[in-house]
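Okay, so here's the structure we're looking at.
Numbering (our numbering), first residue to last: 1 to 413.
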């Protein structure tokens with residue numbers, strides 16, 4: 001049996017993330033008991049092994065000597081034999097050569113090879129080592145929530161790092177590598193199809209994925225809970241000629257979402273140009289769907305809102321809508337840069353605007369803040385098909401986006 005480092009690492013990595021998918025379905029969808037822990041254990045061991053081997057591949061690509069713990073007599077003799085027999089690697093000369101540990105490989109990749117590992121990725125790598133050691137050497141007593149936190153976004157960290165450090169020979173765990181390949185083929189056929197909107201949408205989403213270290217492919221779903229990543233993604237997408245539309249859970253819709261911005265630490269707002277309204281919600285997560293390259297479907301982004309609270313003085317103006325969610329409506333006066341939330345004053349304003357012929361209506365727009373958790377809206381690229389995505393808002397809107405992601409993923413398999 002002969003398996004190269006890259007092939008070995010990729011195999012373990014992909015099997016590990018397949019086990020993780022199975023675990024997530026067992027946990028979030030099927031309500032399985034402790035049997036899911038064994039699947040999670042397999043996932044930890046396989047992903048840890050895959051990462052270790054791929055870090056060693058990075059070392060070998062830089063200099064084969066870096067992967068070995070010592071330059072001793074055995075290694076020198078192996079080098080002589082490799083040269084004399086024209087072998088492809090030192091391992092063919094002596095299979096007993098001792099390589100560096102997981103943590104040492106990571107350290108050398110940073111300090112000798114010069115590859116940058118983000119602080120967040122580094123923390124996850126160290127946690128994986130802790131989990132692997134406990135599984136391998138003792139009883140396992142780890143908080144499940146801690147493990148889930150480590151795995152959240154890990155595939156993005158892994159794919160992004162090894163795409164940069166290994167290069168084109170690295171095949172991503174997700175379908176990102178295939179997405180890029182199909183995208184290039186699509187561009188070659190563009191003159192026949194002449195779908196310039198789909199071209200720009202694909203181009204901008206691929207650019208956003210790269211800038212935000214997101215790894216995903218065609219017909220894949222991904223939930224993101226980091227508002228910083230979501231904000232950067234939106235910023236990149238809006239730096240284009242694309243127009244975006246939206247449907248909200250309550251039936252509001254717009255064909256021109258001219259701006260999506262971050263209001264503060266955990267809130268986002270959508271401004272719809274066609275009906276001059278701003279909708280504010282507390283961010284909980286973002287679910288991205290990437291369709292097939294050769295389809296007329298738009299990439300889709302679902303936003304999930306979290307429960308929010310207001311100042312005590314504003315609570316009297318909160319209303320429950322037809323969907324059982326709490327909202328508060330106001331008016332933003334542009335010249336004054338002020339929001340009026342008091343319902344009585346708002347009614348007086350609209351009454352004067354409608355019936356007082358001498359009333360000078362100041363420049364303003366409607367503003368609504370949504371205070372209850374649930375799927376808030378989906379965003380699509382205008383002029384591209386978005387199918388029946390609005391049924392998710394109506395039929396599954398009270399489910400967490402992570403659960404919806406797993407249900408959609410299972411249905412598409």
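Glycine residues also receive a C-beta, built at the ideal position from the N, C-alpha and C atoms.
It should be emphasised that the depicted structure is a prediction, and the values quoted were computed from it without experimental measurement.
Query - Given residue 335 as reference, the closest of 379, 313 and 362 once Cα atoms are compared - result: Residue nearest to residue 335 within the set 379, 313 and 362 is 362 (criterion: CA-CA distance).
Query raised in the report: What three-state label does DSSP hand residue 7 in the structure shown?
Result: Assignment of residue 7 by DSSP, reduced to helix, strand and coil, places it in the helix class.
Report task. Report yes or no: do three or more beta-carbon pairs, one from the segment 74-86 and one from the segment 104-115, lie closer than 8 Å? Result -> They do not touch, by the three-pair rule.
Report task. Take every Cβ of the segment 16-36, pair it with every Cβ of the segment 119-136, and state whether three or more of those distances are shorter than 8 Å. Result -> Touching, no.
Query raised in the report: What first and last residue would you give for the alpha helix (DSSP H) that runs through residue 153?
Result: Where residue 153 is concerned, there is no enclosing alpha helix (DSSP H), given that its DSSP letter is neither H nor E.
Query raised in the report: Relative to the C-alpha of residue 139, which residue among 157, 37, 318 and 188 is closest?
Result: For the residues 157, 37, 318 and 188, the minimum Cα distance to residue 139 belongs to 37.
Report task. Name the one or two DSSP bridge partners that residue 271 has. Result -> Here residue 271 is bridged, per DSSP, to 259 and 278.
Query raised in the report: Are residue 105 and residue 56 close, meaning C-beta to C-beta below 8 Å?
Result: Their beta carbons are under 8 Å apart, which means residue 105 touches residue 56 by this criterion.
Requested in this report: Count the other CB atoms, across all protein chains shown, that sit within 10 Å of the CB of residue 161; report buried if there are 16 or more and exposed otherwise.
Outcome: Here residue 161 is buried: its Cβ has 16 or more other Cβ atoms, across all protein chains shown, within 10 Å.
Query - Element boundaries [alpha helix (DSSP H), containing residue 131] - result: Going by DSSP, residue 131 is part of the alpha helix (DSSP H) stretching over 119-137.
Query raised in the report: In the DSSP assignment, what residue or residues form a beta bridge with residue 253?
Result: Its beta-bridge partners are 247.
Query - Of the listed residues 82, 151, 350 and 102, nearest to residue 17 (C-alpha basis) - result: Residue 151 holds the alpha-carbon nearest to the alpha-carbon of residue 17 among 82, 151, 350 and 102.
Query raised in the report: Can you give the Cα-Cα distance for residue 188 and residue 182, rounded to whole angstroms?
Result: CA-to-CA, the gap between residue 188 and residue 182 works out to about 10 Å.
**Report entry** From 347, 302, 251 and 370, residue whose alpha carbon lies closest to that of residue 379
**Finding:** Relative to residue 379, the option among 347, 302, 251 and 370 whose CA is nearest is 302.
Query raised in the report: Skipping 5 residues on each side, what residues in its chain have a beta carbon closer than 6 Å to that of residue 285?
Result: Excluding positions up to five away in sequence, the list reads 223, 225, 304 and 401.
Query - Segment limits, beta strand (DSSP E) that includes residue 380 - result: Start and end: 374-381.
Query raised in the report: In this structure, does DSSP put residue 95 in helix, strand or coil?
Result: Per DSSP, reduced to three states, the secondary structure at residue 95 is coil, with no helix or strand assignment.
Report task. Look up residue 339 in the DSSP assignment and say whether it is helix, strand or coil. Result -> Strand.
Query raised in the report: Which residue's Cα is closest to the Cα of residue 239: 200, 247 and 69?
Result: Closest option to residue 239, Cα to Cα, is 200.
Query raised in the report: Roughly how many angstroms separate the alpha carbons of residue 407 and residue 346, rounded to a whole number?
Result: If you take the alpha carbons of residue 407 and residue 346, they lie about 43 Å apart.
Query raised in the report: Ends of the beta strand (DSSP E) at residue 364?
Result: In the DSSP assignment, residue 364 falls within the unbroken beta strand (DSSP E) covering 364-370.
Query raised in the report: For the segment 363-373 against the segment 227-246, are there 3 or more C-beta pairs whose distance is under 8 Å?
Result: At 8 Å Cβ cutoff, the stretches do not touch.
Report task. Quick one: measure Cβ to Cβ for residue 218 and residue 163, integer angstroms, because I've assumed they're closer than 8 Å. Result -> So it is not a contact: roughly 17 Å between Cβ atoms.
Query - Residue span of the beta strand (DSSP E) that contains residue 329, given as start and end - result: Per DSSP, residue 329 belongs to the beta strand (DSSP E) from 326-333.
Query raised in the report: So does the segment 171-185 actually touch the segment 207-218, counting three or more Cβ pairs closer than 8 Å?
Result: Inter-segment contact for the segment 171-185 and the segment 207-218 is present: three or more beta-carbon pairs are separated by less than 8 Å.
Query raised in the report: Residues in its own chain within less than 7 Å of residue 99 by CB, not counting five upstream and five downstream?
Result: Excluding residues within five positions, the ones whose Cβ falls inside 7 Å are 56, 67, 68 and 69.
Requested in this report: Starting from the Cα of residue 277, find the closest Cα among 246, 283, 297 and 371 and give me that residue.
Outcome: Per the Cα distances, 246.
Query raised in the report: Thinking C-beta only, is residue 270 closer than 8 Å to residue 260?
Result: Yes; because the gap between Cβ atoms is below 8 Å, this pair is in contact.
Query raised in the report: Where residue 323 and residue 262 are concerned, what is the direct C-alpha to C-alpha distance, given to the nearest angstrom?
Result: Counting only the Cα atoms, residue 262 lies some 25 Å from residue 323.
Query raised in the report: Taking the continuous alpha helix (DSSP H) assigned at residue 55, which residues delimit it?
Result: For residue 55, the enclosing alpha helix (DSSP H) starts and ends at 35-62.
Query raised in the report: Should residue 173 go down as buried or exposed, given a rule of 16 or more other Cβ atoms within 10 Å for buried?
Result: The residue in question, residue 173, is buried, as its Cβ has 16 or more Cβ neighbours within 10 Å.
Query - Span separating the alpha-carbon of residue 170 from that of residue 5 - result: C-alpha separation (whole angstroms): 11 Å.
Query - For residue 286, the three-state DSSP class (helix, strand or coil) - result: In the three-state DSSP reduction, residue 286 falls in the strand class (E or B).
Query raised in the report: Under 8 Å, do residue 381 and residue 295 count as touching if we go by C-beta distance?
Result: No; because the gap between Cβ atoms is not below 8 Å, this pair is not in contact.
**Report entry** Cβ shell of residue 357 (< 6 Å), same chain only, five flanking positions each side left out
**Finding:** Result list for residue 357: empty, nothing under 6 Å.
Query raised in the report: Is residue 325 buried or exposed, if buried means 16 or more other CB atoms sit within 10 Å of its CB?
Result: That one is buried.
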